[in-house]
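Worksheet: one structure, shown below.
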Amino acid sequence: RQSEWRERLYQWSSNYDPNAMLELAITVDARPIAGNAALFEPLQRQIVALGSNDGLMRQFAAPALSFNTPLTLFGKVKTDGNGLDIKKGGVFPIVQGLRALALKAGIAETNSFRRAELLAEAGVLHASDASDAQQALSVFLRLRLSDQLRKLKDGQAIDNHIDVAALRRLDRELLRDALRVVNQFKDIVAARFKLRG
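With the first letter of the sequence shown counted as 1, position 151 gets the number 511 in the numbering used here; the numbers rise by one all the way through.
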């Protein structure tokens, strides 16, 4: 019911703990897919209005910086025994950063690629930074899908880890460049929300 959702949004926006921020991140991407879309409009206005709460926005943006970018000091891709967790290292920082920037700017769009465009149009991001974020996200999603399809074919469990050693040389270079974009994008998010000393 609408009143329950309004109360949930109020609770999440008053409670800055990590679980509340996770719930809010999921809800920020909500959109009506069936039924009377007009019922969602007041909730969407309430969601967008949260962007004016600076304290909340700092906490909401902070998870975008919570995972280390898997690059060594010398710019090589870092992996562990399971490969590279492309969701933590690449997808999530960009998606969450765009969510936070869009919410702060009063942009209700839920698609990450479109959010980047609208943030550039609004002057929140430089056009080149928006384009870089879109391209990096495209690389991550393509590589993850390719690896998941390979695992499916081989009867392996599907996850967010990719086998970097199995990538073609060009894909390894694209991955490295995309991870550099993640670092640059994190710097933008950190500066915008004053998240680093």
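Even for Gly, the Cβ is constructed at its ideal location relative to N, Cα and C.
DSSP has residue 522 in a bridge; who is on the other side? For this step, residue 522 is matched to residue 162 along the sequence shown. Per DSSP, 444.
Taking only runs that begin and end inside the segment 468 to 544, name each unbroken alpha helix (DSSP H) of 4 or more residues, in chain order. 472 to 481, 487 to 513
Using the three-state DSSP reduction, which class does residue 555 fall into: helix, strand or coil? Along the sequence shown, one-based indexing puts residue 555 at 195. If DSSP states are grouped into helix, strand and coil, residue 555 belongs with coil.
Quick one: Cα of residue 526 to Cα of residue 441, how far? For the purposes of this step, residue 526 is taken as residue 166 along the sequence shown, with counting starting at 1. For the purposes of this step, residue 441 is taken as residue 81 along the sequence shown, with counting starting at 1. Using only the alpha carbons, I get a separation of about 14 Å.
Can you give me the C-alpha to C-alpha distance between residue 550 and residue 507, rounded to a whole angstrom? Taking the first residue of the sequence shown as 1, we reach residue 550 at position 190. Taking the first residue of the sequence shown as 1, we reach residue 507 at position 147. One C-alpha to the other measures close to 31 Å.
Leaving aside the five residues before and after residue 490 along the sequence, list all residues of the same chain whose C-beta is less than 7 Å from its C-beta, in chain order. Along the sequence shown, one-based indexing puts residue 490 at 130. Non-local C-beta neighbours of residue 490 in its own chain, meaning closer than 7 Å and more than five positions away in sequence, comprise 476, 477, 479, 480, ordered along the chain.
Pop quiz: residue 499 and residue 443 are said to be a contact at Cβ under 8 Å. What is the actual Cβ separation, rounded to whole angstroms? Along the sequence shown, read from residue 1 onward, the residue named residue 499 stands at position 139. Along the sequence shown, read from residue 1 onward, the residue named residue 443 stands at position 83. With 8 Å as the limit, residue 499 and residue 443 do not qualify as a contact, their Cβ atoms being about 16 Å apart.
DSSP three-state call for residue 399: helix, strand or coil? Start at 1 with the first residue of the sequence shown, and residue 399 comes out as number 39. Note: residue 399 maps to helix in three-state DSSP.
To the nearest angstrom, how far is it from the Cα of residue 364 to the Cα of residue 403? Walking along the sequence shown from the start, residue 364 turns up at place 4. Walking along the sequence shown from the start, residue 403 turns up at place 43. Each residue's Cα considered, the two are about 10 Å apart.
Helix, strand or coil for residue 433? Go by DSSP, reduced to three states. The residue you call residue 433 lines up with position 73 of the sequence shown. Residue 433 falls in the coil class under three-state DSSP.
Three or more C-beta pairs below 8 Å linking the segment 511 to 519 and the segment 383 to 396: no
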